[in-house]
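To keep things clear, I will list the structure first and then write my remarks on it.
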Amino acid sequence: MAGTALVLEGLTKRYGALAPAVDALSLTVQPGEFIGLLGPSGCGKTTTLRMIGGLIEASGGRVLVDGRDVTALPPHRRDMGIVFQNYALFPHMDVAGNVAFGLEMRGMKRGEIAAKVQAALDLVRLGHLAKRRPKELSGGQQQRVALARALVIEPSVLLLDEPLSNLDAKLREEMRAEIQDIQRRLGITTIFVTHDQAEALAMCDRIAVMAQGRIAQLGTPHDIYEHPASEFVADFVGRSNRIAGHAADGRITIGDLAIDAPAPVAPGPVTVMIRPHRIAFTAGGAGWNEVRGSVRRVTYVGDVLACEIAAGGAAFLVEQPTRPGAPPPETGTEVRIAWRVADTLVFPRESA
Amino acid sequence: MIGRAAHRTLIAALFLFLLAPVVLVIPMSFSADAFLIWPPSGFSLRWYAAMWRETKLIDAARNSFLLACLVCAVTLVIAMPAALVLARGRFRGREALVALLTAPLLLPTIVLALALLILFVGYGLIGSWPGLLLAHLLVALPYGIRVLMTAVSTLPPAVEEAASSLGAPPWRVFRRITLPLMLPGVTATAATGRDVPLRGKPDRPAGRRGVSAAGAADAQHRHRAGARGGARADAG
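Listed below in structure tokens is the structure:
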């Protein structure tokens, strides 16, 4: 199936007089693209997905599928496959019945349905469980049935609403790869809602990080992680040291420390953010920021060594892979730590 | 395993205890005696022959059966949409409406009956089919609404949304998903709706069913006579 272009234009959802749950959100999804809506709970990501699928009515704006305005269409005429967080399988039908449902609604012939159902179940490697009831399946199997049921109707757009959050960690990684494989193979335009940044980074072509009903940043996983547009994005995606500083004369002071920023910064209070694993116990050089501090705490977890370094009245968390023959530093010792200027993220202080 | 066996035995014993009086009625109906004696001295069909001669009883049973079907159907037709709206809707006065609609459950039947009698006399409804239907609906509907509301609110989340996203228009969602999943509640409601006329009151012990049918026949005769009497009084 060829991918479909999905365009959201100023999509808005208001509940009474409250601040809008989704606030004039615009997004253009390329045919076959896998887009993640990532954000904390209450950011409007699920509301956006439900408006795309027609499960709730938009208060304003438009949803366009291949240029066709579907905003006023009820869900059963939108031709979108939805996978729900709790799977929402029909408990009174067996697996094959669940998958066949959408085809029956399309008035397809019995023989054709059987063939398509079998193909869809084979796609998710559940061909042998067609006669089971949903409650006789494990969480991961139910999830795959839900996926097969949404895919078998060959929808124009696939909507995934936190599909992995009810699975345990190991299964979640398996399903992550499986959903990604299937999506690539079918080339189906997909919207994936999640609050898990690792999931979004691992699976999506592009991610829309959402906050308060708006897109805070739209970009590839690499963009979002390496060049976060705001303190919120830097904080929500990945982990960061978050240190208060002050910008003046082209440099940033943190207590009695002075460091360089990768780009000119307007003078005033700033938040400096540095990923813990980008800081190393080395001397700096050209293009590096180097500070001296004392080791306050050392946490050794086998593959990672995490140290908290006190410097300039701030705490720097440093994470490095462990190596044989490199014993962890002692608490209280003086150390030098350094990171690339390019890894220094500087944002004007949001609540100055 | 022992625990499970004990559990099953207990359940079997309970069923036996509850159903024994009902089961016993069957062999006793073939009794050849003039009085209720266990064990009967002999078996015959004399009581069945006697029953068919008892036209009052047959009429009453037939009326009760028709009424049961009618009450059952009307209850489902009214209670199903009402339950859907009351369980799902978010509107002002919803709680009050639920309380009002289920209020008859709180009243002792005798109070209801007296109130109905006083009210019905004024409208000439005593002993009429519309009157019977209304009176029975008053008891059957609250049960129906209650049970079906529970059935609606325990529907698994999002299945209806899933069905509609798969291309099912609203009535097919109801027919294929909502209704089948509510079926236990619907069956319970239908049973209550049928039960009210047959037994007089849903929680009445099953053993009195036969007596109740006969009682209903007498009551109906009295009502009819009363209504005719009332009409004559008006004419005079």
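Going down the list, the protein sequences come from chains A and B. In terms of the numbering used here, the first sequence opens at residue 1 and continues consecutively. In terms of the numbering used here, the second sequence opens at residue 1001 and continues consecutively. Ideal Cβ placement from N, Cα and C applies to all residues, glycine included. This structure is a prediction, so every number in the text was calculated from the model and none was measured.
- Taking a contact as a CB-CB distance under 8 Å, the pair A/Ala311 and A/Arg297 does not count as one, their CB atoms being some 14 Å apart.
- Taking a Cβ-Cβ threshold of 7 Å, the residues of chain B close to A/Phe84 are Ala1158 and Ala1162, in chain order.
- Closer than 8 Å to the CB of A/Met80 there is at least one CB belonging to chain B.
- Against chain A, a Cβ distance below 9 Å from B/Ile1037 picks out nothing, because the smallest value is about 50 Å.
- Within the stretch 160–230 of chain A, the complete alpha helix (DSSP H) segments at least 4 residues long are 169–186, 197–203 and 221–226, listed from N- to C-terminus.
- Taking the C-beta atoms as reference points, A/Gly44 is found no nearer than 8 Å to A/Gly284.
- In the DSSP assignment, B/Ser1165 falls within the unbroken alpha helix (DSSP H) covering Val1159 to Ser1165.
- In this structure, A/Thr4 lies near A/Asp66, with their beta-carbon atoms less than 8 Å apart.
- Annotation: the continuous alpha helix (DSSP H) that includes B/Asn1063 extends over Thr1055 to Arg1088.
- Two segments are said to touch when three or more pairs of C-beta atoms, one from each, lie closer than 8 Å; by this definition the stretch 178–188 of chain A touches the stretch 156–163 of chain A.
- Taking one beta carbon from each stretch, the stretch 1040–1048 of chain B and the stretch 1058–1071 of chain B have fewer than 3 pairs nearer than 8 Å; the two do not touch.
- Using a CB distance cut-off of 8 Å, B/Ser1165 counts as an interface residue toward chain A.
- Listed by position along chain B, the residues whose Cβ is nearer than 9 Å to that of A/Phe34 form an empty set, because the closest Cβ is around 19 Å away.
- Per the coordinates, the alpha-carbon of A/Ala150 lies some 27 Å from the alpha-carbon of A/Gly219.
- The Cβ atoms of B/Val1139 and B/Pro1104 sit closer than 8 Å to each other.
- Residue pairing by DSSP leaves A/Lys109 without any beta bridge partner.
- By the Cβ neighbour-count rule, A/Gly268 is exposed, with fewer than 16 other Cβ atoms within 10 Å of its own.
- The bridge partners DSSP lists for A/Ser294 are A/Ala310 and A/Glu334.
- Distance from the CA of B/Ala1073 to the CA of A/Gln197, rounded to the nearest whole angstrom, comes to 54 Å.
- A/Met80 carries a strand assignment under DSSP once its states are collapsed to helix, strand and coil.
- In the DSSP secondary-structure assignment, B/Ile1110 is not bridged to any residue.
- Apart from sequence neighbours up to five positions away, the residues of its chain that approach A/Gly313 with a beta-carbon distance below 6 Å are Gly255, ordered along the chain.
- At a Cβ-Cβ threshold of 8 Å, A/Arg62 and A/Thr71 count as neighbours.
- Interface criterion met: the Cβ of A/His76 is under 8 Å from a Cβ in chain B.
- For the set A/Thr190, A/Val152, A/Val99 and A/Ser294, the Cα lying nearest the Cα of A/Arg132 is the one of A/Val99.
- The beta carbon of A/Ile113 is closer than 6 Å to those of Ala100 and Leu103 in its chain, skipping five residues each way along the sequence.
- Under a 10 Å Cβ-count criterion, A/Ile309 is classified as buried, with 16 or more other Cβ atoms of the shown protein chains found around its own Cβ.
- Along the stretch 1174–1188 of chain B, going in chain order, the ones with a CB nearer than 7 Å to a CB of chain A are Ile1177, Pro1180 and Leu1181.
- In this model, A/Arg349 and A/Met203 are separated by some 32 Å (Cα to Cα).
- For A/Arg50, the enclosing alpha helix (DSSP H) covers residues Lys45 to Gly53.
- The Cβ atoms of A/Ala229 and A/Ala211 do not sit closer than 8 Å to each other.
- Spatial neighbours of A/Arg14 in its own chain (CB-CB distance under 6 Å, excluding positions within 5 residues in sequence) are listed in chain order as Pro20 and Ser59.
- Only buried fits B/His1136, as 16 or more other CB atoms lie within 10 angstroms of its CB.
- Residue pairing from DSSP places A/Gln320 in a beta bridge opposite A/Leu305.
- Not one beta carbon of chain A lies nearer than 8 Å to the beta carbon of B/Arg1088.
- Note that the C-beta distance between A/Ala88 and B/Pro1169 is not below 8 Å.
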